[in-house]
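Residue numbers (my numbering): 26 to 545. Glycine included, every Cβ here is placed at the ideal spot set by N, Cα and C. Notes to accompany the following structure.
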Amino acid sequence: MTNRACASTYMKAGSCNEPLRFHVPKYMNGHVHLEESDMYESDGKLFLTEAFNVIMEEILHKGTDLKEKVCEWKDPDQLRALLDLDLREHGESHKQLLQRVRDVARYSVKTCHPRFFNQLFAGVDYHALTGRLLTETLNTSQYTYEVAPVFVLMEEEVLCKLRSLVGWSEGDGIFCPGGSMSNMYAMNIARYWAFPQVKTQGLWATPRTAIFTSQQSHYSMKKAAAFLGIGTDNVFIVQVDESGSMRAEDLEAKIVQAKSQDAVPFFINATAGTTVQGAFDPLNRIAEISERNGMWMHVDAAWGGSVLFSKKHKHLVAGIERANSVTWNPHKMLLAGLQCSVVLFRDTTNLLMNCHSAKATYLFQQDKFYDTSLDTGDKSIQCGRKVDCLKLWLMWKAIGTHGLSERVEKAFALSRYLVEGMEKRDNFKLVCKGHFVNVCFWFIPPSLRGKENSADYQERLSKVAPVIKERMMKRGTMMVGYQPMDGHVNFFRMVVVSPQLTTKDMDFFLDEIEELGKDL
C-alpha cells in the first residue's frame, strides 16, 4: 500500500456468515488523511442491508411467532459475557458486527411478541414502524420549518386531529419525550398561567403552591413537582374508591386543607386510565371543583386517552373537554411505537410559547423568508427534538380512524373474555372488576385454597406472583407484571393491548399461570 492508501481488509462478499470487505482508516504519524472517508459508503450500506435482514428475521418474524420465546433469559453476568460489551481501541469486522446485531436481537425482550403483557405497550404496527425507520433515517430535529418542513406541518395536523377528539376546535400542543415529560409540561404551563412572574423572577416571587392528584396517579406528578421546585410535600394525595377512581369529596377536603396551611391550590391532576388498575377519575365532578376554585385542570390520559376513538367506550372520559390540558400516549394502546406522547392545551393565548421561549437568534430569526410562526421549537424546553409525529400519522393514514377504533374495541372485548374465563376457575381471584383493559388478579395455588382466614395467608399469597413471574421469564413463554398496592399483597396486572391477540392467547394465559403455579 502507498502512504495515502488506507488499510483495508479484502474479503469475499457472500452470505451473512461470510466476512466482507471492511474499511479502516490508516493513521500516519498521528494524522488521518482528511481527503478520505472513515468508511467506504458501499461498506456501510451493505452492512445496513444485511443488518436489516437480521432485524426482519430475528425480531419481526421470530419475535412475533407464538412458537418462539418472548425472551431468552440470562443472568446479568452471563449476559455481559455473551454480549462482549467492552469498547476497544480498534474496530471489528463486518462479520463480528453482524453477530453483535444478532446477539442484541436474540437476548432482548420481544415486546412485539403476542404474549408480552408486561407493560402498557405491546405488539407492533408495521406502518408505524416504517414511520419510525423513516424518522431515524432522515435524522432531523423538529424545531424549525427550514430543517423539518414536512414534520412541522405534519405535527400541526396530528395535534389538531387529536385536540378535536378531545372536543376542542382550537388550542395548542406539542409532542414530548414520554408521558412523564408531557405531565411536567402541563404543570409548568399551569404555574406560568397562575404566576407568570415565575419565568423571570423564580420561585421566590411565588407563594407556596399546592397540586392535587390521586393516590393511584402516575409517579411523574411527584417527579414534576420536585423538578419544578414546587416540592413533593406540596403534592396533596387524594383518596380513591375500590376501583381506583379519585373521590371528589376528598379532593374538596384536600383543597380546604391546603388553604388552611397557607398554600395556594393551582393544579389538579385527574387520571384517565391509572397505571395499575386502569381506573378513570370522575372528570366532570373534578372540573366543577377546579372551576369553582379557579384552578388548572389537567387530565393524564397517557394510558386511557385512546378510548376517545371508541364510540362505545369514550364515556369513560366524559368531561375531558373541560380540562385545560391533556396528556396522551399513542405509543400505548394505539401501537404507534415508543415514544409517541403529546400534551394538548385548550389555551389559545400562546401560553406554551410564552412560558418556554428563549428566543435564540441563531435558530428563531424573525426576518426569515417564510412564516416564522412555523418555527415551533421555542415551545419546547428542549432544543433538539426528535420527530415523533410521523409514525402516528402514517399508521393513521394506513388504517384510518375506523381502524384505530377497532383496535381499541378489540382490546376491551378480549379483556372481558379473560375476566369471564377467570371467573369460571377456582384459582383466580380478581382484585376488582375494572372498566378498562387492565385485569388485576391473584392466582390462588392449591395449597392456599380455602385458607383465607389463616394467619399467614397474606404473607404466603404475596410470594406466589414473584415465583410464577420468575418461572415464566426463564421458560420464556410470556411476560406479565405484578405489584403490591394500597394494602394489597402482590397481584398480577395483565394488560390486553396487542391487536395480534386472540381468545386462544387468553386461554393460554390462564392455562400457563395454572401450570406455573400448580405446585406452590
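1. Unbroken alpha helix (DSSP H) runs of length 4 or more, entirely within the region 512-542: which are they?
2. Secondary structure at Y507, three-state DSSP: helix, strand or coil?
3. Classify A295 as helix, strand or coil using the three-state DSSP reduction.
4. On the three-pair Cβ rule with 8 Å, is the region 256-271 touching the region 233-245?
5. What does W467 pair with, by DSSP beta-bridge criteria?
6. Considering Cα atoms alone, identify which of V367, V342, W98, Y507 is closest to K135.
7. According to the neighbour-count rule (16 or more other Cβ atoms, all chains shown, within 10 Å of its Cβ), is W229 buried or exposed?
8. So, does the region 321-332 touch the region 122-131, judging by three or more C-beta pairs under 8 Å?
9. Which ranges would you report for the alpha helix (DSSP H) in the region 56-105 if only whole runs of at least 4 residues count?
10. Using the rule of at least 16 other Cβ atoms within 10 Å of the residue's Cβ for burial, across every protein chain shown, is S242 buried or exposed?
11. Could you tell me which residues DSSP puts in a beta bridge with C201?
12. Our contact map puts F200 next to E180 with C-beta atoms below 8 Å; I'd like the distance itself, whole angstroms only.
13. Classify H338: buried if its beta carbon has 16 or more other beta carbons within 10 angstroms, exposed otherwise.
14. Compute the distance between the beta-carbons of C457 and S268, then report whether it is under 8 Å.
15. Hey, how far is the Cα of W467 from the Cα of G298?
16. Here's a check: name, in chain order, each residue in its chain whose Cβ is nearer than 6 Å to the Cβ of K499, leaving out the five neighbours to either side.
17. Would you kindly check if the distance between the Cβ of G156 and the Cβ of L419 is under 8 Å?
18. Check D413 in the structure and name its three-state DSSP category.
19. Should M81 be labelled buried (16 or more other beta-carbon atoms within 10 Å of its own) or exposed?
20. Rounded to whole angstroms, how far is the Cβ of M474 from the Cβ of D451, which I believe are closer than 8 Å?
21. According to DSSP, is W218 part of a helix, a strand, or is it coil?
22. Counting only runs that start and end within the region 375-420, where is the alpha helix (DSSP H) found for 4 or more residues in a row?
Taking the geometry as given:
1. Look at the region 512-542 and you find these whole runs of alpha helix (DSSP H), each 4 residues long or longer: 528-542.
2. Working through the sequence shown from its first residue, we reach residue 507 at position 482. Y507: strand per DSSP, three-state reduction.
3. Counting from 1 along the sequence shown, the entry for residue 295 is found at position 270. Strand, per DSSP.
4. Verdict: yes, contact present.
5. As a working mapping, residue 467 is identified with position 442 in the sequence shown. Bridge partners of W467: K454.
6. Here residue 135 refers to the residue found at position 110 when the sequence shown is read from its first residue. When only C-alpha atoms are compared, the closest one is W98.
7. One-based indexing of the sequence shown puts residue 229 at position 204. With fewer than 16 other beta carbons inside 10 angstroms of its own, W229 counts as exposed.
8. As far as the Cβ criterion goes, the region 321-332 does not touch the region 122-131, which means the pair count is below three.
9. DSSP runs (the alpha helix (DSSP H)) wholly in the region 56-105: 66-80.
10. One-based indexing of the sequence shown puts residue 242 at position 217. When all chains shown are included, S242 counts as buried.
11. Counted from its first residue, the sequence shown places residue 201 at position 176. According to DSSP, which records beta bridges pairwise, C201 is partnered with S366.
12. On the sequence shown, residue 200 is found 175 positions in, with the first residue counted as 1. On the sequence shown, residue 180 is found 155 positions in, with the first residue counted as 1. A Cβ-Cβ separation of about 6 Å places F200 in contact with E180 under the 8 Å criterion.
13. Working through the sequence shown from its first residue, we reach residue 338 at position 313. In this structure H338 is buried. Its beta-carbon is surrounded by 16 or more other beta-carbon atoms within 10 angstroms.
14. On the sequence shown, residue 457 is found 432 positions in, with the first residue counted as 1. On the sequence shown, residue 268 is found 243 positions in, with the first residue counted as 1. Contact flag set, yes.
15. Locating residue 467 in the sequence shown gives position 442, where the first residue counts as 1. Locating residue 298 in the sequence shown gives position 273, where the first residue counts as 1. Computed Cα separation, rounded: 21 Å.
16. Residue 499 sits at position 474 when you count from the first residue of the sequence shown. If we look at K499 and ignore the five residues flanking it on each side, its Cβ neighbours are W98.
17. What you label residue 419 is simply residue 394 of the sequence shown in a count that begins at 1. What you label residue 156 is simply residue 131 of the sequence shown in a count that begins at 1. For L419 and G156, yes; Cβs fall inside 8 Å.
18. Along the sequence shown, read from residue 1 onward, the residue named residue 413 stands at position 388. Here D413 sits in coil by DSSP.
19. Here the question's residue 81 lines up with position 56 in the sequence shown. Exposed, since its Cβ has fewer than 16 Cβ neighbours within 10 Å.
20. Position 449 of the sequence shown holds residue 474. Position 426 of the sequence shown holds residue 451. In the sequence as presented, Met is not what sits at residue 474; that position holds Arg. The C-beta distance from R474 to D451 rounds to 7 Å, short enough to fall under 8 Å.
21. Taking the first residue of the sequence shown as 1, we reach residue 218 at position 193. W218 falls in the helix class under three-state DSSP.
22. Counting whole runs of 4 or more residues, the region 375-420 contains the alpha helix (DSSP H) stretches 376-381.
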